[in-house]
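First comes the structure, then the notes that go with it.
Protein chains in written order, with the working numbering: chain A, 1 to 301; chain B, 1 to 200.
The following block contains the structure:
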């Protein structure tokens, strides 16, 4: 297990008193291009996670069962090729983002903040004009529906009406009832976006993840190349790629690689918290040497 | 959660020099030399799985105790001057509240007037340590900048988000940026101070 993975489950607890942010006087500007830093969770934010690695995700039994049934070959089906990841992929995926605002040209007020799309995530529009979320039975879209508000110099947004999707690019699922709360914390040229994903079907408790971006003068495009489905070898009428219960061949993949027990990679709420270390004690034997996905060699090597 | 294998520096933007250090990591030697806290220095401590206990030590000093490695960090406000002496694992930390923006036409607050908001900590004078417990190093001249923000979940839970930027050209090609989350507890349940360890 890498430290990257470890830190995902290193959600500890804050005890005692800490000053709470006081209401601020004014909102701040978030506009610009922000490049991503993949200094943690590098597998998720780079090549993609191991096929069965749900460590740190508070999956329900249903969520775990759905995740284990996932085969990445499903994306070779034409109807799935252009299936975008939900808005939560902003804090889970690898890409940088561009942020810009729409203004009311009469009074100058910000009507909405926009976050650029990537090639596998639709753009996000954060409505700031106080409009309500659609009714529960309104259609769900690839971007979902998002509203936002300022608390001092911190923008918080809330997204509903997303389509079904994935928390991780290995099939850890989100349902269409999932919601996403994003908090934008800007410190000069550094932007930390905290995401809290809730899902009544597949998560036992909120899944919290943060993502770091750095202001960049290299422009990031607001949209990416449109996805056009094409034949990728999956014939119409063929079987839908999946693994039947108990048949996922990758369950032992990283347990062998990192010497961690299988129950750890299957996730669940307890794997989010530091106490889980006690459960690993005696079961974990540190591999002598890293043999796969060990990190890029520095320049000159 | 656990100490990774030797040579696992995935996601850390290390230099050639750092790779040499990481590849020569020997936890048994570190233990024997009394360096088992090398992975618990300020630049790495907030990334370790564990709990924090945050209190005011006095009017100008915020104290952060960690159960991982039983370490204490002190964040000094005001015009505190670092004492002379050898560098330490937790270094010297200077704290300041980052004030909310003041609207146009309003006078800026006087220094020291701001008593809350989000917190910026700058730490220097650290003893050289490990960014990752498997020997990925940071140097004694590394500088640590941290931002502490409190956010709220919709269910009422309070989260502390700590964004950490470690700069040190000897071992890092670029600033190493990570962020960690802590959920506020109602009490001290689970608080379990443990000693430093190079191997676990």
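C-beta atoms are modelled at their ideal positions from N, C-alpha and C, and glycine is treated no differently.
Quick one: Cα of residue i to Cα of residue j, how far?
i, j, result
"residue 136 of chain B", "residue 27 of chain B", "12 angstroms"
"residue 170 of chain B", "residue 129 of chain B", "13 angstroms"
"residue 266 of chain A", "residue 91 of chain A", "21 angstroms"
"residue 188 of chain B", "residue 83 of chain B", "32 angstroms"
"residue 102 of chain A", "residue 81 of chain B", "47 angstroms"
"residue 67 of chain B", "residue 191 of chain B", "7 angstroms"
"residue 246 of chain A", "residue 263 of chain A", "14 angstroms"
"residue 198 of chain A", "residue 73 of chain A", "27 angstroms"
"residue 94 of chain A", "residue 85 of chain A", "12 angstroms"
"residue 155 of chain B", "residue 147 of chain A", "18 angstroms"
"residue 69 of chain A", "residue 240 of chain A", "11 angstroms"
"residue 290 of chain A", "residue 255 of chain A", "13 angstroms"
"residue 55 of chain B", "residue 184 of chain B", "13 angstroms"
"residue 38 of chain B", "residue 24 of chain B", "15 angstroms"
"residue 191 of chain A", "residue 86 of chain B", "34 angstroms"
"residue 136 of chain A", "residue 167 of chain A", "22 angstroms"
"residue 78 of chain A", "residue 242 of chain A", "15 angstroms"
"residue 35 of chain A", "residue 27 of chain A", "22 angstroms"
"residue 40 of chain B", "residue 274 of chain A", "15 angstroms"
"residue 13 of chain B", "residue 237 of chain A", "47 angstroms"
"residue 97 of chain A", "residue 119 of chain A", "12 angstroms"
"residue 30 of chain A", "residue 35 of chain B", "43 angstroms"
"residue 244 of chain A", "residue 260 of chain A", "24 angstroms"
"residue 149 of chain A", "residue 140 of chain A", "22 angstroms"
"residue 18 of chain B", "residue 234 of chain A", "46 angstroms"
"residue 280 of chain A", "residue 258 of chain A", "12 angstroms"
"residue 53 of chain B", "residue 70 of chain B", "11 angstroms"
"residue 268 of chain A", "residue 157 of chain B", "19 angstroms"
"residue 71 of chain A", "residue 201 of chain A", "20 angstroms"
By Cβ distance below 6 angstroms, which residues in the same chain neighbour residue i in space, the five residues on each side in sequence not counted?
i, result
"residue 32 of chain A", "215"
"residue 121 of chain B", "75, 93, 95 and 146"
"residue 22 of chain B", "9, 135 and 136"
"residue 104 of chain A", "111"
"residue 196 of chain A", "181, 206 and 208"
"residue 50 of chain A", "253 and 254"
"residue 203 of chain A", "58"
"residue 100 of chain A", "31 and 114"
Whole-angstrom Cβ separation of residue i and residue j, contact assumed at under 8 angstroms?
i, j, result
"residue 76 of chain B", "residue 61 of chain B", "6 angstroms"
"residue 176 of chain B", "residue 39 of chain A", "6 angstroms"
"residue 148 of chain B", "residue 162 of chain B", "6 angstroms"
"residue 57 of chain A", "residue 87 of chain A", "About 18 angstroms; that fails the 8 angstroms criterion."
"residue 173 of chain B", "residue 15 of chain B", "6 angstroms"
"residue 199 of chain B", "residue 31 of chain B", "7 angstroms"
"residue 194 of chain A", "residue 217 of chain A", "Actually they do not touch by this definition, with Cβ atoms about 25 angstroms apart."
"residue 276 of chain A", "residue 126 of chain B", "Not really, about 29 angstroms apart at Cβ, beyond 8 angstroms."
"residue 89 of chain A", "residue 37 of chain A", "The pair is not a contact, with the Cβ atoms about 17 angstroms apart (cut-off 8 angstroms)."
Under a Cβ-count criterion, where at least 16 other Cβ atoms within 10 Å of its own Cβ denotes burial, should residue i be classed as buried or exposed?
i, result
"residue 4 of chain A", "Reliability fails at residue 4 of chain A, whose pLDDT of 33 lies under 50, so the model's placement of it is uncertain and the value that follows must be treated cautiously. Flag for residue 4 of chain A reads buried."
"residue 212 of chain A", "buried"
"residue 41 of chain A", "buried"
"residue 138 of chain A", "exposed"
"residue 11 of chain B", "buried"
"residue 44 of chain A", "buried"
"residue 24 of chain A", "Here the model assigns residue 24 of chain A a pLDDT of 43, short of 50, so the residue's position is not dependable, and the following value carries that caveat. The residue is buried, with at least 16 neighbouring Cβ atoms inside 10 Å."
"residue 219 of chain A", "exposed"
"residue 117 of chain A", "buried"
"residue 143 of chain A", "buried"
"residue 52 of chain A", "buried"
"residue 107 of chain A", "exposed"
"residue 21 of chain A", "Legend: pLDDT at residue 21 of chain A = 45, less than 50; position of this residue unreliable, value from coordinates given subsequently. Buried is the call here."
"residue 29 of chain B", "exposed"
"residue 295 of chain A", "buried"
"residue 42 of chain B", "buried"
Quick one: residues in its chain with C-beta nearer than 7 angstroms to the C-beta of residue i, no 5 flanking neighbours on either side, listed in chain order?
i, result
"residue 139 of chain B", "128, 168, 170 and 171"
"residue 124 of chain B", "91, 92 and 143"
"residue 50 of chain B", "66, 67 and 68"
"residue 271 of chain A", "9, 55, 56 and 264"
"residue 197 of chain B", "36"
"residue 293 of chain A", "43"
If I measure Cβ to Cβ from residue i and keep anything under 8 angstroms in the same chain, skipping five residues before and after, which residues do I get?
i, result
"residue 81 of chain A", "75, 227, 229, 230 and 232"
"residue 57 of chain B", "63 and 74"
"residue 48 of chain A", "169 and 170"
"residue 159 of chain B", "150, 151, 152, 153, 181, 182, 183 and 184"
Taking contact to mean 3 or more Cβ pairs, one atom from each stretch, closer than 8 angstroms, check whether the region 130–137 of chain A and the region 109–119 of chain A are in contact.
At 8 angstroms Cβ cutoff, the stretches do not touch.
The region 4–24 of chain B touching the region 283–295 of chain A, judged by at least three CB pairs closer than 8 angstroms:
With a cut-off of 8 angstroms on Cβ pairs, the region 4–24 of chain B is in contact with the region 283–295 of chain A, counting three or more such pairs.
Are there three or more Cβ pairs, one per stretch, closer than 8 angstroms when the region 56–72 of chain A is compared with the region 156–174 of chain A?
Between the region 56–72 of chain A and the region 156–174 of chain A there are three or more C-beta pairs closer than 8 angstroms, enough to call the two in contact.
Segment contact flag, the region 152–168 of chain A with the region 176–184 of chain A, C-beta cutoff 8 angstroms, min 3 pairs:
Three or more Cβ pairs closer than 8 angstroms define a contact, and the region 152–168 of chain A meets that threshold against the region 176–184 of chain A.
Quick check: the region 178–188 of chain A against the region 148–160 of chain A, are at least 3 beta-carbon pairs closer than 8 angstroms?
Touching, per the Cβ criterion.
With three or more C-beta pairs closer than 8 angstroms as the rule, is the region 180–195 of chain B touching the region 45–54 of chain B?
Segment contact: the region 45–54 of chain B against the region 180–195 of chain B, three or more CB-CB distances shorter than 8 angstroms; contact assigned.
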